[in-house]
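A short worksheet on the structure shown next.
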Amino acid sequence: MRAERRGPAGVRRALTVITIPVTAAAVAAGPVLVAAPAAAAPPGAAPPAETVGGPQLAGRGTIVNAAPGVPALPKIKASSYLIADADTGQVLAAKDPHGRYLPASTIKTLTALTLVPKLDPNRLVRPSQKACDVEGTKVGLTPKMKYKVSELFHAMLMMSANDAAFTLAEADGGVQKTLADMNAEARRINARDTLAASPNGLDRDLGLNVRTQHTSAYDLALILREGMKNPQYRAYMQAIDFKFPAPPTKKQRKKGLKVGGYPIHTHNHMLAGERQAYPGMVGGKNGYTIAAQQTFVAEARRGGHTIVISLMRADRPPSPYAAKLLDWGFAARGKVQPVGTLVPPGEVKQAAKDRDSGGVLPDAPLASDDSSRRWLLFGGGAAGALLAITALFVVLRRRRRLEAARSFRDTRR
7 MRAERRGPAG VRRALTVITI PVTAAAVAAG PVLVAAPAAA APPGAAPPAE
57 TVGGPQLAGR GTIVNAAPGV PALPKIKASS YLIADADTGQ VLAAKDPHGR
107 YLPASTIKTL TALTLVPKLD PNRLVRPSQK ACDVEGTKVG LTPKMKYKVS
157 ELFHAMLMMS ANDAAFTLAE ADGGVQKTLA DMNAEARRIN ARDTLAASPN
207 GLDRDLGLNV RTQHTSAYDL ALILREGMKN PQYRAYMQAI DFKFPAPPTK
257 KQRKKGLKVG GYPIHTHNHM LAGERQAYPG MVGGKNGYTI AAQQTFVAEA
307 RRGGHTIVIS LMRADRPPSP YAAKLLDWGF AARGKVQPVG TLVPPGEVKQ
357 AAKDRDSGGV LPDAPLASDD SSRRWLLFGG GAAGALLAIT ALFVVLRRRR
407 RLEAARSFRD TRR
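This note's numbering puts the sequence shown at residues 7 to 419.
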């Protein structure tokens, strides 16, 4: 009997011998949040629903259903892209379509989708000094003037003016309210990969990263397709030249002018008459930051059919890549079996991981501006190991007390 008794050192040795392999096994079994399109649901959770747009779109690589007579997909040095028939919503091909990346100024397509229907285009707005001082590309606003909402939309969507985007957010009741409205609008149209944390797409300038602001190629196509249904939105996207108001120069004041101005020009080089004009280009929006690299979303229409493309994290200015994707889309439309669908606004089934999110880590795998970064999530396996260790400790401690009691009774005899 006494040979089986264990003091504190014996208990510690037993715990060490048992818990190390148990913990190691639990960690090894825990889910690793890297490039997998979905994670295992926790015990008792509802089974994951299919990926928004269809199960094939869960893939992280190139996704296409080859068909006779259809050329191979063009070689595009971008982390993610999507090609879809904007009329039917059929996704013709994609690469990592639901991968989440920094949006840069393509987020302004969501800013416009949210605010164009809400703000009177003739309303006059005076920008704050903070809006005028924002970083990056600016149209040159001043608090000394009031600007029409329509003028601000022209500046934001034509030349990607960050000060105009910030001022439009102020006109909606403030930046935080606008961000809430933008994220609500993203949810309404089922752009579930999108999280807006700025109205203009700036990232590191505002302390943001891919965990706190992101979108996907799939979502960008959804957003632009929805926005282009609005005639005002479409007109801003198609504008090439516009005279933007400004305080009058000394010469203009001598002529009695109270308002001066200067021309602004589109940054979409694929519109008609531009140096990289694409036949049938309807409109689009480019974006660039050092962290996001090149982003782009656009629509073109030929022969009664519209193709929408989006690309993210490209290695060079996107117009040549976009032209190749559009060419392929027009050639493949009606010939290839679609790999998915651009879903309409309204309720769709979501994966359990999207419904139950809210922890510290993102609710789905995120692309990173550092390709070597990987997120490690210790899930249910580690929790199970902790419970096993606790139970073992209680059992051994209870056994020690029982043996001590027996020893006491033996000595009394």
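Don't be surprised by glycine CBs; every beta carbon is placed ideally from N, CA and C.
So, with DSSP's three-state summary, where would you put residue i?
{"i": "Glu423", "result": "In the structure displayed, the chain extends from 7 to 419; residue 423 sits before or after that span and is not available."}
{"i": "Gln299", "result": "strand"}
{"i": "Arg106", "result": "strand"}
{"i": "Asp211", "result": "helix"}
{"i": "Val155", "result": "helix"}
{"i": "His271", "result": "strand"}
{"i": "Thr173", "result": "helix"}
{"i": "Arg193", "result": "helix"}
{"i": "Ala338", "result": "helix"}
{"i": "Asp126", "result": "coil"}
{"i": "Arg259", "result": "helix"}
{"i": "Gln96", "result": "strand"}
{"i": "Lys249", "result": "strand"}
{"i": "Val349", "result": "coil"}
Can you give the beta carbon distance from residue i to residue j, rounded, assuming they're within the 8 Å contact cut?
{"i": "Tyr327", "j": "His220", "result": "Incorrect: roughly 21 Å between the Cβ atoms, too far for contact."}
{"i": "Ser85", "j": "Arg319", "result": "4 Å"}
{"i": "Ala167", "j": "Ala175", "result": "So it is not a contact: roughly 13 Å between Cβ atoms."}
{"i": "Ala92", "j": "Asp209", "result": "Not really, about 28 Å apart at Cβ, beyond 8 Å."}
{"i": "Ala171", "j": "Pro205", "result": "5 Å"}
{"i": "Pro133", "j": "Thr173", "result": "4 Å"}
Tell me whether the beta-carbon of residue i lies closer than 7 Å to the beta-carbon of residue j.
{"i": "Val314", "j": "Arg194", "result": "no"}
{"i": "Ile113", "j": "Ala192", "result": "no"}
{"i": "Val342", "j": "Ala137", "result": "no"}
{"i": "Tyr224", "j": "Leu79", "result": "no"}
{"i": "Gly180", "j": "Gly293", "result": "no"}
{"i": "Pro324", "j": "Gln300", "result": "yes"}
{"i": "Ala99", "j": "Thr295", "result": "no"}
{"i": "Arg198", "j": "Val70", "result": "no"}
With distance defined between alpha-carbon atoms, name the residue in the options nearest to residue i.
{"i": "Gly146", "options": "Gly180, Gln299, Ala297, Phe250", "result": "Phe250"}
{"i": "Pro351", "options": "Asn196, Pro123, Leu212", "result": "Asn196"}
{"i": "Asp187", "options": "Lys101, Pro237, Leu119", "result": "Leu119"}
{"i": "Ala241", "options": "Met287, Asp225, Pro254", "result": "Met287"}
{"i": "Gly60", "options": "Glu305, Gly95, Ala72, Arg308", "result": "Gly95"}
{"i": "Ala304", "options": "Leu125, Thr295, Gly335, Ile296", "result": "Gly335"}
{"i": "Pro290", "options": "Leu226, Pro269, Lys183", "result": "Reading off the sequence, residue 290 comes out as Gly, not Pro. Here the closest residue by C-alpha is Leu226."}
{"i": "Arg270", "options": "Glu157, Tyr153, Lys81", "result": "Note that residue 270 corresponds to Ile in the displayed sequence, not to Arg. With distances taken between Cα atoms, Ile270 lies closest to Glu157."}
{"i": "Lys330", "options": "Gln282, Leu214, Tyr239, Gly142", "result": "Gln282"}
Any idea if residue i is buried or exposed, counting beta-carbon neighbours within 10 angstroms, 16 or more meaning buried?
{"i": "Ile246", "result": "exposed"}
{"i": "Gly346", "result": "buried"}
{"i": "Thr148", "result": "exposed"}
{"i": "Val354", "result": "exposed"}
{"i": "Ala35", "result": "The pLDDT assigned to Ala35 is 39, lower than 50, so where the model puts this residue is not dependable; a value taken from the coordinates is nonetheless given after this. Exposed is the call here."}
{"i": "Leu130", "result": "exposed"}
{"i": "Val140", "result": "buried"}
{"i": "Thr255", "result": "exposed"}
{"i": "Ser263", "result": "Note on identity: in this sequence residue 263 is Leu, with Ser being the wrong assignment. It counts as exposed."}
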